[in-house]
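**Student:**
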Amino acid sequence: MATLTSAKRLVVKIGSALLVDRSSGLLRSEWLHSLAQDVAWLKGQGTDVILVSSGSIALGRGVLGLPMETLALEKSQAAAAVGQIRLARAYEEALTPHKIKTGQVLVTLEDSTDRRRYLNSRATLETLLSLGVVPIVNENDTVATDEIRYGDNDRLAAQIAVTVGADQLILLSDVDGFYTGNPNDDAMATRFDVIEEITPEIENMAGDAGSGLSKGGMKTKLLAAKMATAAGCDMAITEGSPLNPLKTLENGANCTWFTATLDPHAARKRWISAMKPRGEIVVDAGAARALGNGKSLLPAGIVEVTGDFGRGDPVAILDPVARRLAQGLSRYTAQEADAIKGRKSSEIEAILGYPGRAVLIHRDDLAL
C-alpha cells in the first residue's frame, strides 16, 4: 500500500465542501490550518506539495449573499472573482506560520491541450517547487467561456499531477473511497481498498451524486484516475473532512488507491518516444556523449536543424553520423533552434531579442 511519505512529489485536490461551510458560506478555518500542518509535515519529509483547491465560487457566493441554487454564468464568474482573492489569502495565512511560501496559479483544462501553454505551466510550477513554494492551483473560473463545472477540478488535479510528474495524487472528497454502488442508496455497496485496473465494470459502478457545493461525482474521479495512473501516478480517494486529513490518511483512514503500473519518469519517457517527430536535430560528438550521460541538450552542441516544428513539438536527435540517439520535446521553434545552434546559452538573448531558456531540450523531456 502506498504511503504519503514515500512520495517525492504530491498533488492534493481539495473540494469546496471541505473548505467552505455549507450552511454559513464561511471558510472552515480550523480545518484549513490542520491541512497546513499536514503540508508542513510532508515538506519536512522532503516532499514537494501542490494543492489544487476548489472553493473560490463557494466563498464568493457567501460573501455576495448569492442563493445556493445553480448560478448563471456571469454570477458564477463574479463569485469566483470575489472568492479567489479570499481563498489565496486564506492559504497564505494558514501556511505562513510554518514558514512556507505560497503562490497562486490559475489555469484551465485547455492549458493542457495547447502545447505552448502546457510548457509554460510546467516551467512555472517546476520553478515554484524548486524555490520551496507550495503552489495553490485553481481553475480560472472568472474567465470561463462555458458553464462552470466544479467537478473539473478532479481532472484538473490529474492534469497538474501529470504535468509535474507527481508520484501521488490525493483527492480529498466527501466520500471515503470508491464503492461498488452509491453507499447512500445501496446498503450492500462495498468499498475497494485498491483498484489496479479501471475496467468497464468499474466504470459502470460510478455515479454522479454530488454534495451541493461540489458537483464532481465518481465519474470525474475515475477520469482523473485514468489520467493519473497512465502517467505513472498513484491516486487515492479519501474523505477529507477530519482534521489533519493527510496524516489521517497516512495513519490508515478508509480510502481507495488506484495504482499505476509505471513510475512517472518511465511513463513520461514512453509517451515522448511514442510521438511522431516533427523535425530532426543533429548534434556534435560532445553533445552526444552528454545526452548518453543523462544531460540536457544545450544549443552549443547542435550542428544542424531540419523540419518545421514548434515549441513543445517532438524532434528526433541524431549523432554526427546520422544515428538516432533520442527523441525529445523542443523548448524552441525550428527557426529559433536554427538561429541559436552552436552558440552559448548566454548569447541567446542577443540573438533572439528576448531572454530564452538555457537548454533546448531538458533531460526530463528526453527519451533515449
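Letter by letter, the sequence shown follows residues 21 to 388 of this note's numbering.
Built from N, CA and C at the ideal position, the CB exists for glycine as well.
Bear in mind that the values here come from a model prediction, so they are computed numbers and not experimental data.
Report the option in Ile322, Leu317, Leu372, Gln355 whose CA atom is closest to the CA atom of Asp328.
**Tutor:** With distances taken between Cα atoms, Asp328 lies closest to Gln355.
**Student:** When we look at the beta-carbon of Met208 and count the other beta-carbons within 10 Å, is it buried (16 or more) or exposed?
**Tutor:** Under this definition Met208 is an exposed residue.
**Student:** Have a look at Arg351, Leu349, Val303 and flag the residue whose alpha-carbon is nearest the alpha-carbon of Pro340.
**Tutor:** Of the candidates Arg351, Leu349, Val303, the one whose C-alpha sits nearest the C-alpha of Pro340 is Val303.
**Student:** Using only alpha-carbon positions, find the residue among Val184, Gly64, Ser261 that is nearest to Ser193.
**Tutor:** Per the Cα distances, Ser261.
**Student:** Assign Pro87 to buried or exposed, taking buried as 16 or more other Cβ atoms, counted over all protein chains shown, within 10 Å of its Cβ.
**Tutor:** Exposed is the call here.
**Student:** Please classify Ile368 as buried or exposed, where buried requires at least 16 neighbouring CB atoms within 10 angstroms.
**Tutor:** With 16 or more other Cβ atoms within 10 Å, it is buried.
**Student:** Apart from the five residues on each side of it in sequence, which residues of its chain come closer than 8 Å, Cβ to Cβ, to Arg142?
**Tutor:** Thr183, Val184, listed in sequence order.
**Student:** Sorted by chain position, which residues of the same chain lie with C-beta nearer than 7 Å to Lys306's C-beta, five sequence neighbours on each side aside?
**Tutor:** Here the sequence assigns Gly to residue 306, which means Lys is not the residue at that position. Answer for Gly306: Gly321, listed in chain order.
**Student:** Assuming Gly75 and Gly103 form a contact by the criterion Cβ under 8 Å, report the distance between their Cβ atoms to the nearest whole angstrom.
**Tutor:** Indeed, because the Cβ distance is near 7 Å, the residues count as touching under 8 Å.
**Student:** Provide the residue span of the beta strand (DSSP E) that contains Ala320, from first to last.
**Tutor:** Note, Ala320: premise wrong, no beta strand (DSSP E); not H, not E.
**Student:** Rounded to whole angstroms, what's the CA-CA distance from Trp61 to Arg383? Just pull it up for me.
**Tutor:** Taking the straight line from one Cα to the other gives about 30 Å.
**Student:** Which residues in the same chain as Ser231 place their Cβ atom closer than 6 Å to its Cβ, once the five residues preceding and following it in sequence are excluded?
**Tutor:** Because Ser231 carries a pLDDT of 43, less than 50, the predicted location of this residue cannot be relied on, and the following value inherits that uncertainty. Within the same chain, Ser231 has close Cβ partners Ala37, Asp194.
**Student:** For Lys63, which option in Phe278, Ala251, Leu266 has the closest C-alpha, if you only look at C-alpha atoms?
**Tutor:** Of the listed residues, the one whose Cα sits closest to Lys63 is Leu266.
**Student:** Alpha carbons only, please: which of Glu221, Thr240, Glu216 is nearest the one belonging to Thr2?
**Tutor:** Look at the range of the chain in this structure, 21 to 388, and you will see that residue 2 is not part of it.
**Student:** Can you tell which of Ile190, Val214, Ile222 has the C-alpha that lies nearest to the C-alpha of Gly201?
**Tutor:** Minimum Cα distance to Gly201 is reached at Ile222.
**Student:** Have a look at Asp353 and Ile257 and give me their C-alpha separation to the nearest angstrom.
**Tutor:** In the sequence under discussion, the amino acid at residue 353 is Thr, which differs from the Asp named in the question. So the alpha carbons of these two residues sit roughly 40 Å apart.
**Student:** Which of helix, strand or coil does DSSP assign to Met255?
**Tutor:** Strand.
**Student:** Let me know the alpha helix (DSSP H) ranges lying completely inside the segment 25-92, each 4 residues or longer, listed in chain order.
**Tutor:** Listed in chain order, they are 36-39, 49-64, 76-84.
**Student:** For Gly306, which of helix, strand or coil comes out of DSSP?
**Tutor:** Correct three-state label for Gly306: helix.
**Student:** Quick one: what does DSSP say Ala336 is sitting in, helix, strand or coil?
**Tutor:** Three-state result, Ala336: strand.
**Student:** Provide the residue(s) that pair with Ala387 in DSSP beta bridges, ordered along the chain.
**Tutor:** DSSP lists Gln347 as partners of Ala387.
**Student:** Are Ile180 and Val157 close, meaning C-beta to C-beta below 8 Å?
**Tutor:** Against a cut-off of 8 Å, the Cβ pair of Val157 and Ile180 comes out as a contact.
**Student:** Taking C-beta to C-beta, are Val379 and Leu317 nearer than 8 Å?
**Tutor:** In contact: Val379 and Leu317 (Cβ atoms closer than 8 Å).
**Student:** Can you grab the Cα-Cα spacing for the pair Asn111 / Glu159, in whole Å?
**Tutor:** Strictly speaking, residue 111 in this sequence is Tyr, with Asn absent from that position. One C-alpha to the other measures close to 16 Å.
**Student:** By Cβ distance, which residues of its chain are closer than 8 Å to Leu372, with the 5 residues on each side in sequence left out?
**Tutor:** Glu356, Ala359, Ile360, listed in sequence order.
**Student:** Output yes or no for whether 8 Å exceeds the beta carbon distance between Arg175 and Gly197.
**Tutor:** Not in contact: Arg175 and Gly197 (Cβ atoms no closer than 8 Å).
**Student:** Which of the three DSSP states is assigned to Tyr374 in this structure?
**Tutor:** Reduced to three states, the DSSP call for Tyr374 is coil.
**Student:** State the CB to CB distance for the pair Lys296 and Pro334, rounded to an integer number of angstroms; the pair is presumed to be in contact (CB under 8 Å).
**Tutor:** That belief holds up - the Cβ atoms of Lys296 and Pro334 are roughly 7 Å apart, short of 8 Å.
**Student:** How would you call Lys119, buried or exposed, if buried means at least 16 neighbouring beta carbons within 10 angstroms?
**Tutor:** It is exposed - the Cβ of Lys119 has fewer than 16 other Cβ atoms within 10 Å.
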